[in-house]
Structures are given as structure tokens and as C-alpha cells.
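Protein chains in written order, with the numbering used here: chain A, 8 to 125; chain B, 46 to 573; chain C, 11 to 656.
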């Protein structure tokens with residue numbers, strides 16, 4: 008059980024920090040005066056053009072899916088990179104096979120026109 | 046915190062994986078190959094050939110790869126008689142499914158590279174399940190099998206029925222996968238390992254400490270696999286999905302998913318220890334003896350429900366695909382009997398029962414694919430998009446050989462001699478009777494329900510062989526309704542028919558070698 | 011020797027080729043080549059096996075060839091293996107040899123039939139099945155062959171199935187033999203229950219120790235029931251005369267030369283068992299001799315040439331059973347062989363006559379005077395008729411004489427006397443048939459029918475069979491104490507008591523032969539008087555004979571009896587059952603069950619509502635059931651979520 012104690016402490020700290028920040032904000036900040044601009048959804052600072060509750064073109068989904076795949080690929084590669092030395096050549100080739108399969112996937116997506124916007 | 050990484054991949058590991066690697070490689074190859082073919086359906090011939098070559102190469106690799114029996118790849122993969130036989134069954138099923146698909150998907154305008162690619166990936170999943178020595182790998186195999194099937198079920202992109210089939214299969218499949226995964230988690234919680242041999246070894250202790258966890262885990266594993274096997278009451282998805290999916294996909298689904306589920310049953314319930322899969326290692330025999338008393342009656346109950354419901358409901362079906370769906374449910378019941386016989390008997394009878402189960406899977410694969418082949422042939426456009434029994438009328442006059450083969454498959458499904466189906470049932474019932482009173486009771490139910498099944502199978506055979514198209518109002522339309530017997534369908538059905546006949550005339554060849562192989566392996570641990 | 015299975019393979023291949031491809035792919039010439047060719051090859055194999063067997067010392071003339079394990083499960087062991095010994099080789103030679111000639115003959119006889127390929131397919135299949143029957147090494151395989159020949163017989167009797175009479179005859183044959191087969195099957199089960207195997211070797215070896223007299227009698231009588239059906243003995247003889255509805259070569263091959271002798275073969279093969287059951291032996295002999303007599307009397311008056319031959323077959327089969335029943339198996343087998351030659355010859359000659367008269371005529375009252383038009387047929391028929399009558403030196407004389415002699419010597423004087431009378435009757439009816447057909451004034455319609463001799467392809471088999479009939483006696487010259495045939499069979503029938511009895515009988519032999527010759531001469535002479543000289547007995551005698559004639563003409567009213575005993579009550583029962591019982595009671599019941607299944611099916615079908623949430627509910631319910639059951643099991647055993655802690 009002892010190895011989990013660190014995690015518990017970490018979790019507790021995170022909660023405390025978040026709660027503290029919110030509390031400090033509430034205590035020190037001005038009282039909230041909501042306006043139309045303020046309650047707008049945050050879209051990287053750009054004013055939204057229209058409601059988000061509408062149908063998106065399917066190509067967004069395709070892009071999102073491709074993104075997801077490569078995002079997860081990164082998630083695999085990070086830990087691999089950390090123990091790269093210990094894994095040796097076997098680890099290297101394993102990753103190459105993995106990437107090779109992904110490349111085939113990319114090739115497929117590309118050729119099928121998934122990357123074409125128009 | 047240094048982690049000792051003893052990660053090595055030996056030549057044996059690679060050989061053990063060889064069949065999987067071959068199929069995976071060809072699946073990727075098919076995917077790429079398709080990119081360089083023209084999009085017209087009739088240009089997709091090379092895909093069929095590539096898939097067939099891949100399946101054939103994998104069969105060869107499975108037969109000759111010099112991987113000795115044992116557990117490979119960090120205790121993940123088992124290579125033994127059972128895995129080799131199961132791989133053969135899966136690959137045979139995949140090859141026949143490709144043959145049945147070839148003309149069909151072109152005709153239906155769904156001939157795309159993804160089709161064959163997904164079929165092959167699904168086969169890899171099934172093979173993984175048959176080879177797994179670890180619950181995690183088993184789950185991986187289950188998903189690798191299922192996800193391509195979800196996609197394949199929706200391959201008729203413009204048909205609502207196909208969409209519905211895919212969605213239902215996906216949602217319910219995901220649900221059952223979750224249950225299965227939860228079961229794995231509970232077993233891990235109880236024993237601290239996911240390796241099946243280890244699970245077996247630690248069971249006595251775990252049962253003493255936390256029986257609740259063990260039983261809950263076992264129960265959920267059974268539920269998850271029961272879903273894939275379409276055993277009552279986890280069968281509800283099957284008729285809708287079978288009906289809606291493209292017929293060639295249904296055929297593959299009916300054999301691959303079911304056979305894989307039983308492969309997994311074999312591995313999970315009987316441990317994938319150092320034995321052959323039939324029975325676990327000496328230390329793991331508790332998995333068998335202690336737990337079997339718990340799961341054997343349970344599986345027996347499922348078997349009875351499955352046989353009765355499958356056969357009784359099949360009687361009232363007029364739609365071909367639904368009828369065959371219920372038929373496949375019913376056959377899951379007979380396969381469950383073999384499982385009970387394994388659990389309820391002694392080690393000696395367990396070997397017999399395992400052989401019976403494996404033989405049944407082989408025969409089931411052949412005859413079910415064959416029967417679906419008839420639907421493939423009868424399925425046209427419009428009215429006959431979803432053929433009913435009467436749409437087979439006239440087949441006998443137009444294609445007597447085809448009708449004859451279909452009749453053979455149906456007779457075999459009904460379990461009548463001289464076909465392989467008779468001996469498949471015969472061996473299962475025999476093993477069940479030998480295993481004890483529970484097995485005897487199941488065998489009796491099995492025989493009675495088989496009698497019911499004769500009725501609806503022969504009714505299909507009647508329509509196919511004897512009946513003439515009805516001279517109704519649109520007599521012209523029905524009289525002119527074509528049958529689509531492409532060359533590949535002929536080859537596929539011919540191979541299946543020959544095997545069904547050969548195994549019916551001379552089943553001993555397969556069964557005896559299985560029994561001997563299994564008994565030799567069990568003898569090692571059976572001693573107290 | 012190891013390749014004896016080729017003998018089975020060729021006819022099977024022929025059947026498959028002609029059956030599957032004959033109609034579409036093969037030309038008629040090819041069919042004609044394959045059909046007889048396959049059997050010819052099988053005959054070659056048989057001869058070769060025979061010569062191979064002869065090279066061995068007598069003790070080693072029994073070879074078991076295991077082909078493969080058909081079923082080997084638990085206690086049931088049924089290998090597909092063949093037994094090659096003198097007995098089976100004799101049968102193989104007869105089946106393939108006579109069969110080959112009949113196949114060749116069929117090329118001419120059936121030449122105009124539109125279903126020519128089907129005919130040869132069935133005929134080849136029959137040859138295969140018959141060979142399987144005689145070559146089998148166990149009772150199970152024998153039974154397979156037994157049923158297959160029955161099937162072929164059914165198919166070939168009903169070959170012209172559009173004729174109602176042919177279809178009815180086929181059905182009758184099938185059902186009648188089935189009665190006997192039922193006994194056969196029960197006998198087989200008894201054998202298996204007693205010995206735990208179907209194989210001849212162990213059974214015959216253990217039989218003397220294992221079988222009690224009662225059990226031996228039961229088994230042998232049950233087996234004999236099968237033989238009675240197959241070999242058309244009383245009381246199951248009724249199907250054979252009707253079986254003449256089939257094409258004539260079929261009658262020659264199946265219903266005279268080979269299949270009907272399967273019963274005799276069975277008794278000879280199982281003679282070890284029969285010798286343990288004296289009662290059964292007596293029954294076999296009695297049934298045989300009574301049948302021989304009884305069938306011969308019917309043949310005296312029947313006007314149909316094929317039916318006369320059919321009754322003659324029944325009668326001669328009776329002789330064979332008589333021989334088997336008194337323990338003279340070799341004599342029975344010899345008569346089987348010689349009968350195959352003679353009767354095949356007679357049938358084929360009758361076929362030639364029918365062919366000459368346009369193909370359908372079998373009524374001898376519309377024949378006569380054909381000797382001028384059919385010189386060859388006339389000659390060979392005469393040879394056959396004389397052989398059948400027991401005129402030396404034709405083969406029939408030797409074989410029949412031997413049976414009578416053995417019956418007498420072994421102390422069955424009554425049987426002998428009946429057999430002797432039958433021999434006289436045989437001579438009479440055979441010559442009667444001959445005279446009616448070939449002599450006297452023509453009684454056919456000379457304006458529309460122009461008799462013509464058959465083509466050579468039909469005549470050559472006739473000549474070959476005639477030659478065999480003439481020289482066949484050399485097989486068995488027991489009169490001069492030189493018996494290659496008997497000695498050849500000796501390894502099989504070693505325990506035969508007749509062997510020891512032989513030396514003591516030299517004295518009576520001359521008298522016995524004289525009596526037999528006298529009976530034959532009397533029969534022939536009477537036939538000559540009546541049908542050539544036109545002698546009419548005195549009116550009083552004729553009036554006395556009329557009821558007897560009516561009795562014989564109606565075949566002792568056996569068909570009518572069976573109709574009254576079985577068919578009519580059966581039909582009445584069926585009426586009753588189909589009327590009040592079925593429609594009223596059972597229909598209700600069955601429909602009830604059917605409706606129940608239907609309704610249950612319909613109700614269960616409602617499980618398939620189509621709603622995913624409903625399906626999920628089912629999965630959940632099922633999961634709960636599974637878990638609850640497992641927990642209920644675990645409850646009484648050990649309960650706790652984590653007693654030991656972690």
C-alpha cells in the first residue's frame with residue numbers, strides 16, 4: 008500500500024491548490040457582473056461566429072479521428088523514449104514495426120482522400 | 046526505481062507468432078493493394094487472390110512453423126495441438142468466407158479493399174483468442190475479432206437494416222466486452238495475475254480467501270464469452286445482426302465469432318496451463334476440479350436454454366438468414382454440452398470431450414458456411430434482397446448440384462448420417478454421456494432438440510431441391526429471378542461439401558488423432 | 011492379394027461415373043464401355059485373388075485386409091476390412107463373372123432405353139454392394155452390403171417406375187425383405203451384445219465357449235429370418251415373382267444369380283454358429299426343402315415364362331438351404347454356383363425371346379414355334395432347361411445330385427424324398443416352358459410380330475453361359491472322387507460332418523443316382539407327352555385335377571392370404587386411425603403440440619423486439635442469473651469477500 012501513499016498526497020495537494028486558488032479569487036476579486044461577452048464560450052479569444060450546436064461537416068470528424076490516432080501514437084512513444092536504452096535494439100525494431108503500421112494507416116487515409124479539405 | 050527489463054524475443058517466439066504475423070501482413074498488404082486498384086467492383090479480383098494466398102500461407106505456417114508446444118512471448122501465447130487445430134478451423138473459415146464473398150460483394154457494390162482487410166484482421170483476432178495464455182491477450186483477441194466485425198456488419202452503407210445491425214452489434218458487443226473486462230479485473234483482483242496457468246495455480250488460495258471475487262469474475266467471463274457465442278440468454282443480438290449484415294459477413298461472423306468464443310471458453314474454463322488447453326497443469330487442476338462443480342451446472346443450464354430456444358424459434362422462421370441465425374444459436378447449445386462434458390468428467394473423458402468440441406467446431410464451420418453460401422446464391426436485388434425460404438424454390442431445377450450441396454449441408458446441420466454433422470453430434474453426445482448424469486441429461490435434451498431441428502432444416506432443403514417457384518401474380522418476376530452462382534462460390538461450396546462428406550464417412554481420422562494428442566498431453570498431469 | 015479392394019473400387023467408380031456424368035457428359039458408347047468394363051475389371055481382380063489364394067497352402071487361405079477404421083468408439087469397433095477366403099472368393103467369382111456377362115448382354119438388351127446410363131449406374135452399384143456383402147470381414151459391413159443390394163434391387167425392379175405394376179412390385183419387394191431384415195438386425199444386435207464385436211474371426215472363435223444352445227438358436231434363427239426374406243423362402247417368397255417387373259437382365263443378375271443367394275451365403279458364412287444350434291439347422295433344412303417343393307408346384311402351371319423361372323429360382327434356393335441345413339455347405343455353395351450359370355442362362359434366353367417378340371411379351375400362351383426363328387436362343391435355352399432338370403453331364407445334375415445324396419447320407423431321408431419329387435417337378439416345368447416357348451404352332455400374332463434373333467452382343471453371353479453350364483460339372487466330379495471345388499472350400503467348412511461320413515456311402519450312390527435320373531426322365535417325358543405329343547389325360551382325371559390346378563394357378567392363394575391377413579386389416583386399421591383416431595384424437599394432440607411449439611416459438615420470438623435497450627435488459631438478466639447461480643453454489647461452501655485480507 009505504501010507506494011500509493013505518494014499518489015494520495017499528490018491528489019490531496021492538487022485539490023488543496025485548486026480550492027485555494029478559487030477561494031482566493033472569490034475573496035479578493037470584484038463581485039461577478041455577468042455580461043453577454045463574459046458568458047460567451049471561450050474559443051481561443053476569437054468571437055464565436057454562431058452557435059456551436061449545429062452539424063459539422065464530416066471532414067472535421069475524419070481529421071479528428073486521424074488526430075486521435077497520432078495523438079495516441081505519441082502517448083506510446085513517450086514512455087518508449089524514456090526506457091529506450093534499456094530496451095535496446097529489440098525495442099527499436101518493435102517501435103519501427105509499430106510506426107510502420109501507422110504509416111500504412113496514414114498512407115491509406117491519405118490515398119483515400121481523408122487529408123483533402125476540398 | 047530501476048526496472049529490470051528482461052525483454053527478449055527468441056526465434057521460437059517469432060515462430061509461435063508466425064501464423065498471426067502472416068495474416069496480419071497480408072491484411073495490411075490487401076489494404077495497400079486496394080489503394081492502387083481502380084475503384085470499379087470488377088477490378089477487385091487481386092484482393093481476393095491476395096486474401097486467399099494469405100490464408101493459405103498462414104495455414105502452411107500454422108502447420109509447419111517449428112514452434113514447440115509451450116507458452117511463448119512472455120507467457121502470452123500458447124502453441125499446442127488445440128491452438129493449431131483452432132487456427133486451422135479459423136483459417137479454413139476465413140478462406141471459405143473469402144470465396145463466398147468474392148462474387149457477392151462485387152454484385153452488391155461493396156467490393157472494397159477494406160472488406161477483405163477487415164475479414165483478415167478479424168481472423169487474426171480469432172486466432173489470438175485460440176492461442177492466448179493470458180487473459181489480457183484474450184481480451185485483445187476478442188476486440189480484434191469484434192471491431193472489424195462491427196464495421197463489416199454495416200458494410201451495406203445504404204441499407205438501414207445493415208446500419209441497425211452494426212449499431213446493435215457494436216453497442217451490445219461493447220457492453221459485453223465491458224463485462225468480460227470486468228471479469229478479468231475481478232479475477233486479477235482475486236489471484237493477482239492474468240496468466241491463465243498462474244490463475245489456476247493460485248486459485249485454491251484465492252478461493253479460500255475471496256471466493257466471492259473468484260465467482261463474480263468467473264461469472265462475468267462466462268457472460269462475456271456467452272455473448273460472443275450467442276448462447277441464450279445472451280443471444281438477443283444475433284438474429285437482428287445476422288439478418289441485417291451482408292450475407293457473406295454473416296456467414297463469417299456465424300463461424301468465426303462462435304468458434305473463437307468457444308476457443309476462449311476452452312482456454313478460460315479449463316485453464317491454458319502447460320497441458321494442452323484441454324486441462325491445465327497439475328497445480329492448476331483445482332481450476333478444473335473445484336470450479337468445474339460450480340460452472341458445469343451453470344453452463345448446462347445455458348446449453349439447455351440455448352438448444353431449446355434456438356431450435357424452437359427456428360421452426361417459425363420464414364426468413365433464410367434469421368432461420369440460420371437461430372440454427373447457429375442452437376448449435377452453440379450443442380457446443381456448450383461439450384464444455385460441460387469436459388468439466389463434469391474425469392481427465393480421461395475430458396480429453397474425449399475436448400476432441401469432440403474441436404471436431405464439432407470444424408464441422409460447424411464447414412456446414413454453416415456452406416448453408417450461408419446458399420443464401421449468397423439466392424440473394425439478389427429488391428424483393429429478394431433478404432431472401433425467404435420460398436426464394437430458394439427453383440434452385441434445384443436451375444442448379445441441381447448446388448441444390449444438392451445445400452441439401453448436404455442442411456442434412457449435416459440436422460445431424461443425420463452419413464454427413465459430418467452426424468458424427469460431430471455423435472461424439473459430443475458420447476462424451477457427454479460418459480461424463481456423468483448431468484451430461485446424460487444434456488445429451489437427451491440434445492437429441493430431442495435435434496429432432497426438432499430436422500424439421501426446419503429439411504424444410505429448407507425441400508424448397509431448395511424440390512419446390513418450383515410459385516405461379517403467383519408476379520409469376521414472371523419470380524420465374525426469371527436469377528441465382529448468382531459465381532465460380533468462387535462453386536469452389537468454396539465444393540470444398541466445404543467434400544470435407545463434410547469426407548468427415549462424415551471417415552471421422553475417425555480427425556477425432557482419433559485429436560484424442561491421442563490430447564490424452565498424451567493430459568497423461569502427464571493426470572497423475573495425483 | 012492386398013489389392014483385393016480394387017474389386018470393390020471398379021464397380022463403384024463405374025456407378026459414380028455413369029450415375030453422375032452418364033446423362034450429361036459421357037456418350038452412350040462410353041457408358042456401354044464403363045458399365046461392363048468396370049465389372050470385367052472386377053472379375054479380373056477376383057480371378058487374380060483366386061489364383062493368389064491357390065498358391066498358398068490351404069491353412070493360410072484366409073486373409074483379412076483392413077482398409078480403414080470406419081467407426082472406432084469406445085466398445086464399438088467396426089473397421090472396414092475385407093475377408094478373402096475360399097468362400098468369399100467363390101462368391102466374388104460368381105458375382106463378377108456372371109455379372110460381367112449380364113452387363114455385356116444388357117448393352118444389347120437395354121440399348122434403346124432412354125435411361126441407359128441410370129441402368130448401368132444401378133447395376134454397377136449393385137455389383138459393388140454384392141461384393142461388399144461377400145467380402146466383408148464383419149457382420150456390420152455385411153449388413154451394409156445387404157441393405158445396399160436391397161436398395162439396388164428396389165431401384166432396379168422399379169426401373170420402369172412409370173409403370174404402376176413395377177412401382178408396386180418394387181415396393182412389395184422392399185417391404186417383404188424388410189420383414190426379414192428386422193429379424194436380421196435383432197440378430198446382429200444379439201451378436202454384438204454377446205461378443206462385443208461384429209468381426210467374424212473373434213465371433214466364430216469364441217462361439218463354442220460363449221454361446222449357450224438357446225442363445226445360439228435365437229441368433230441363428232434371427233439371422234435366418236433375414237436370409238428367408240432376401241432369398242425369398244417361405245413365407246417371405248411373395249416378392250420374387252413380382253420382382254420380374256424389372257428388366258430381364260436384372261432378373262437374371264439380382265433375382266436369380268446373385269442377390270437372392272445372399273441368404274445362402276449368410277448361413278454358410280455363419281455355419282459355425284449354426285452348428286451350435288441343431289434346431290436352427292433343422293429349421294433351415296425344412297424351410298428349404300418345403301420351399302423347393304412348394305415353389306416347384308406353382309411353376310408347373312404358371313403361364314408366364316419369367317415367373318416360371320422366378321418360382322424355379324425360389325425352388326432352387328430351397329435346395330441350397332436344404333444343403334446348408336443338413337450341413338453340406340460346400341454342396342450348397344456348389345449348387346449356388348451352378349444355379350447362377352443355369353438360371354442366368356435361362357433368364358437371358360427368356361430375355362432374348364422377349365426381345366424377339368417385341369420386348370414385352372412374357373406369356374407363353376402367346377409364344378410357340380420359335381425354334382425356327384431363334385436357333386441360338388433355342389439351343390441355349392434347351393441346355394439350361396436340361397441342366398436344371400438334372401440331366402448329366404450338365405452342371406445341374408452334379409450339384410443337385412450332390413445335395414440329395416448328402417441329405418440322404420446324413421440321415422434326412424424325408425427331406426431327400428421331397429427333394430427327389432421336386433427334382434421330377436423341376437424337370438417337368440422346365441421342359442414345359444421350353445416346349446411351350448419354342449415348339450408347337452406359333453400362337454403369337456404373326457401379322458404384327460416378326461421374331462428375329464438377338465444381336466451378337468446378347469448372344470455371346472448366352473453362349474458363354476451355356477458353355478459354363480456344360481463344362482461346369484468338372485468343378486465337382488465327386489462321383490469319381492475328385493473334388494477340386496469342395497477341396498477348395500475345405501478350409502472354411504473344415505468341421506463339416508459330411509466329410510467323415512463320406513466313405514461309408516459308396517454303396518448307395520448308384521441307386522440314388524438312378525432314382526434321380528428316373529425322376530428327371532419322368533418329368534421330361536411327361537412334359538414331352540403333354541406339350542409335344544398333345545396327349546390329353548382322361549376327362550375324369552382332368553376333372554379331379556381342376557381344383558388342384560386352380561390352387562396352383564393362384565399360387566396357393568398366399569398373396570390373397572397375406573392381403574387378408576396383413577394388408578386388409580392394416581388398411582382397415584389405417585382407415586380407423588386416419589378417421590376417428592387421427593383426425594379426432596391425434597390430430598388434436600399433434601396439432602396441439604405443433605401449435606404449442608409454434609406459439610412458444612412465437613412468444614420467444616417476441617424476445618426479439620428490436621430494441622437495443624430490451625436486448626441489454628436480457629443480457630443483464632442473464633448476467634444476474636449467472637452470478638446468482640454461482641453464488642448460490644458458493645453459499646454453502648465458503649462465504650466471504652476477503653476473509654484473509656491482503
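Yeah, the Cβ is synthetic: ideal placement off N, Cα and C, and Gly gets one too.
Asked	Found
Proximity test, Cβ basis, 8 Å: residue 119 of chain C and chain B	no
Beta-bridge partners of residue 124 of chain B, as assigned by DSSP	B:115
Beta carbon proximity, residue 559 of chain B to chain C, threshold 8 Å	no
Contact set for residue 134 of chain B: own chain, Cβ-Cβ below 6 Å, skip 5 residues either direction	304, 406, 407 and 410
Any C-beta of chain B under 8 Å from that of residue 78 of chain C	yes
Short Cβ contact (8 Å threshold) for residue 452 of chain C with residue 378 of chain C	yes
Residue burial classification, residue 293 of chain C (beta-carbon count within 10 angstroms, cutoff 16)	buried
Neighbour flag for residue 224 of chain B against chain C, beta carbons, 8 Å	yes
Length of the line joining the Cα atoms of residue 102 of chain C and residue 110 of chain C	12 Å
Counterpart residues of residue 240 of chain B in DSSP-defined beta bridges	B:179
Backbone CA spacing between residue 620 of chain C and residue 285 of chain B [nearest angstrom]	7 Å
Closest Cα partner of residue 636 of chain C within the set B:108, B:347, B:82 and B:437	B:347
Burial state of residue 640 of chain C (16 or more Cβ within 10 Å)	buried
Per-residue DSSP class, three states only, for residue 156 of chain B	coil
Rounded distance between the beta-carbons of residue 87 of chain B and residue 188 of chain B, thought under 8 Å	Not quite, the Cβ-Cβ distance comes to about 34 Å (not below 8 Å), so this is no contact.
Beta-carbon neighbours of residue 267 of chain B, restricted to chain C and to distances below 8 Å	636
Counterpart residues of residue 107 of chain B in DSSP-defined beta bridges	DSSP output for residue 107 of chain B lists no bridge partner at all.
Under the three-state DSSP convention, the category residue 73 of chain C falls into	strand
CB contact flag (residue 294 of chain B, residue 418 of chain B, <8 Å)	no
Of the residues B:83, B:300, B:81 and B:79, the one placed nearest residue 370 of chain B, counting alpha carbons only	B:300
Nonlocal neighbours in the same chain, by C-beta distance under 7 Å from residue 171 of chain C, ignoring five residues either side	177
Closer than 8 Å to chain A by CB, residue 497 of chain B	no
Identified DSSP bridge partners for residue 147 of chain C	Its beta-bridge partners do not exist; DSSP assigns none.
Inter-residue CB distance, residue 403 of chain B and residue 173 of chain B (contact presumed, cutoff 8 Å)	Residue 403 of chain B to residue 173 of chain B, Cβ: 18 Å. No contact.
Burial state of residue 542 of chain C, where buried means 16 or more other Cβ atoms lie within 10 Å	exposed
Cβ neighbours of residue 136 of chain B in the same chain (closer than 6 Å, five flanking residues each side left out)	100, 103 and 104
Residue 438 of chain C to residue 423 of chain C span [Cα, whole Å]	23 Å
Selected residue, minimal CA-CA separation from residue 129 of chain C, among C:164, C:156, C:106 and C:153	C:164
The segment 225 to 233 of chain B / the segment 169 to 185 of chain B touching (three or more Cβ pairs under 8 Å)	yes
Span of the alpha helix (DSSP H), counted from its first residue to its last, around residue 170 of chain C	Neither: residue 170 of chain C is in no alpha helix (DSSP H) and is coded neither H nor E.
Contact list for residue 155 of chain C against chain B, beta-carbon separation under 7 Å	Within 7 Å Cβ-Cβ: nothing; residue 155 of chain C doesn't reach chain B, min ~15 Å.
DSSP three-state assignment for residue 94 of chain C, whether helix, strand or coil	strand
C-beta contact flag for residue 168 of chain C and residue 232 of chain C at 8 Å	no
Of the residues B:132, B:263, B:120 and B:63, the one placed nearest residue 112 of chain B, counting alpha carbons only	B:63
Closer than 7 Å at the beta carbon, the chain B residues around residue 643 of chain C	339
Residue 364 of chain C, enclosing alpha helix (DSSP H) - first and last residue	339 to 366
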